[in-house]
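A.B. asks: Protein chains in written order, with my numbering: chain A, 542 to 927; chain B, 74 to 167. Ideal Cβ placement from N, Cα and C applies to all residues, glycine included. This one's a predicted model, so the numbers in the text were calculated from it and none came from an experiment. I'd like to ask you about the structure that follows.
In structure tokens form, the structure reads like this:
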């Protein structure tokens with residue numbers, strides 16, 4: 542099987558991830574801060590936090606909190622921030638893991654939200670964000686929040702976080718970044734980009750397992766946990782003061798975090814820039830191969846869309862049919878539809894049917910890309926309606 | 074052609090209001106069977122593929138499969154699941 546659905550979950554995983562996960566399940570469970578006799582060595586939680594901090598340029602890794610993935614992280618962030626009377630800017634490129642928590646937030650009012658569009662490739666204009674702020678300056682008097690998807694899971698467009706971060710700092714907005722698609726494959730420097738809150742998932746380009754993720758909250762930002770429960774710190778404390786909150790409660794997913802740590806260390810050993818470059822070479826081949834076919838319409842271009850994700854449609858066949866033929870006829874797994882990002886499709890012109898999405902990882906091979914292009918070539922050349 | 078079983082597909086696309094079923098047949102799908110589906114709607118047959126693909130589409134349902142397989146997929150809008158019976162009857166006649 543050729544797996545080109547890595548934007549959903551990466552497969553395969555590096556061997557070190559499999560080994561770490563198996564080892565964590567094979568050994569006695571580590572007791573998080575509960576005197577399991579491992580005080581002489583760094584525990585997996587602390588080490589994973591440090592390595593995540595190293596990977597993402599976060600100088601306060603203790604402000605990284607583990608969770609179950611990007612959806613869990615975005616819900617905890619959006620529910621944990623005080624959105625009451627705050628003006629929120631986000632974009633049509635966002636995933637439903639952002640849009641649905643916003644739209645269903647208790648007390649959320651439609652007038653609080655400004656949706657910024659994107660161009661046909663998925664690029665969000667920094668100038669348009671600034672215009673929204675300037676044209677609604679009265680609404681921002683109680684504070685504002687800007688939520689940006691770093692890399693589109695539909696078009697692979699990477700947004701300019703340095704520019705948007707500078708803008709947020711200038712106008713005093715909290716800067717929230719969803720790095721689900723970029724974390725581990727596109728350089729990200731949280732402190733330098735001025736990111737205040739970061740959403741991460743473990744099972745995509747960080748090579749962790751499903752059900753792992755993390756989020757970062759810069760210290761000093763008013764933020765409440767949405768979950769309370771057991772921790773090992775002080776069991777007698779029932780009521781917290783605002784500055785004493787704990788953000789990881791209940792038994793943590795230690796095997797998952799061990800696997801995530803192995804994935805992050807794998808990325809650090811390869812170098813995220815080198816991974817990005819390797820993936821760019823594969824994506825160039827994809828763009829060049831598909832752009833030569835007349836019935837294929839690509840949503841983006843190699844020059845503009847830098848992420849490891851590409852969307853296309855094939856004239857004469859529905860997206861779901863293309864995926865069906867690829868899977869049943871060629872053993873190639875892709876994804877079709879709206880990709881849980883419903884608003885971007887009007888902007889890029891992909892309509893109600895959505896797109897066929899091809900997404901790679903650092904472990905995708907050139908041979909797999911060539912076989913995919915060959916399969917699409919065969920499909921396009923056989924398009925005969927009787 | 075005899076219909077042996079009808080199972081809900083793992084890929085149900087329920088979010089879009091469609092439900093998919095896999096129809097299991099007593100023998101491999103041949104060209105006669107594929108052409109026999111023509112009365113059901115717009116018909117596509119990509120016979121040049123290594124594994125030829127066919128599709129029949131109407132307003133409320135869609136059938137697709139591969140020549141030589143013993144199963145094909147039917148997606149139907151949840152408000153028109155009665156169409157499944159019409160498809161079953163036609164299959165028995167082919």
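(1) Can you tell me whether residue 590 of chain A is buried or exposed, with buried defined as 16 or more other CB within 10 angstroms of its CB?
(2) Rounded to whole angstroms, how far is the Cβ of residue 715 of chain A from the Cβ of residue 737 of chain A, which I believe are closer than 8 Å?
(3) Quick one: using the 10 Å Cβ neighbour count with 16 as the cut-off for buried, is residue 87 of chain B buried or exposed?
(4) Could you check whether the Cβ of residue 870 of chain A sits closer than 7 Å to any Cβ belonging to chain B?
(5) Applying a beta-carbon distance threshold of less than 7 Å, which residues of chain B neighbour residue 862 of chain A?
(6) By DSSP, does residue 874 of chain A sit in helix, in strand, or in coil?
(7) What's the gap between the Cα of residue 903 of chain A and the Cα of residue 547 of chain A?
(8) Flag this pair as touching only if the stretch 793-801 of chain A and the stretch 877-887 of chain A have three or more C-beta atom pairs under 8 Å; answer yes or no.
(9) Just to check my reading of the structure: residue 731 of chain A and residue 630 of chain A have Cβ atoms closer than 8 Å, yes? What is that Cβ distance to the nearest angstrom?
(10) Ignore the nearest five residues each way along the sequence and tell me which others in residue 142 of chain B's own chain have a CB closer than 6 Å to its CB.
(11) Which residue or residues does DSSP assign as beta-bridge partners of residue 146 of chain B?
(12) Using the DSSP secondary-structure output, state which residues sit across from residue 55 of chain B in a beta bridge.
(13) Using the rule of at least 16 other Cβ atoms within 10 Å of the residue's Cβ for burial, across every protein chain shown, is residue 921 of chain A buried or exposed?
(14) For chain B, check one thing: does any of its Cβ atoms lie closer than 7 Å to the Cβ of residue 644 of chain A?
(15) Would you please verify whether the beta carbon of residue 119 of chain B is less than 7 Å from any beta carbon of chain A?
(16) For the stretch 656-667 of chain A against the stretch 627-646 of chain A, are there 3 or more C-beta pairs whose distance is under 8 Å?
(17) Measuring only between beta-carbons, confirm whether residue 923 of chain A sits less than 7 Å from chain B.
(18) Go through the stretch 701-768 of chain A residue by residue and report every complete run of the beta strand (DSSP E) that reaches 3 residues or more, in order.
(19) So does the stretch 668-676 of chain A actually touch the stretch 642-653 of chain A, counting three or more Cβ pairs closer than 8 Å?
(20) Tell me which residues of the stretch 805-818 of chain A have at least one Cβ-Cβ distance to chain B shorter than 7 Å, keeping chain order.
(21) By a C-beta neighbour count over all protein chains shown, 10 Å radius and 16 as the cutoff for buried, is residue 570 of chain A buried or exposed?
(22) One question on the structure: do residue 110 of chain B and residue 870 of chain A come within less than 7 Å of each other, judged by their Cβ atoms?
C.D. replies: Inspection of the coordinates gives the following:
(1) buried
(2) 5 Å
(3) For residue 87 of chain B, the predicted model reports a pLDDT of 47, less than 50, meaning its position is unreliable and no value from the coordinates is stated.
(4) yes
(5) 128, 137
(6) strand
(7) 10 Å
(8) no
(9) With a Cβ gap of about 19 Å, residue 731 of chain A and residue 630 of chain A do not count as contacting.
(10) 102
(11) B:95, B:137
(12) Because chain B here runs from 74 to 167, residue 55 of chain B falls outside it and cannot be looked at.
(13) buried
(14) no
(15) yes
(16) yes
(17) yes
(18) 714-719, 738-742, 754-758
(19) no
(20) none
(21) exposed
(22) no
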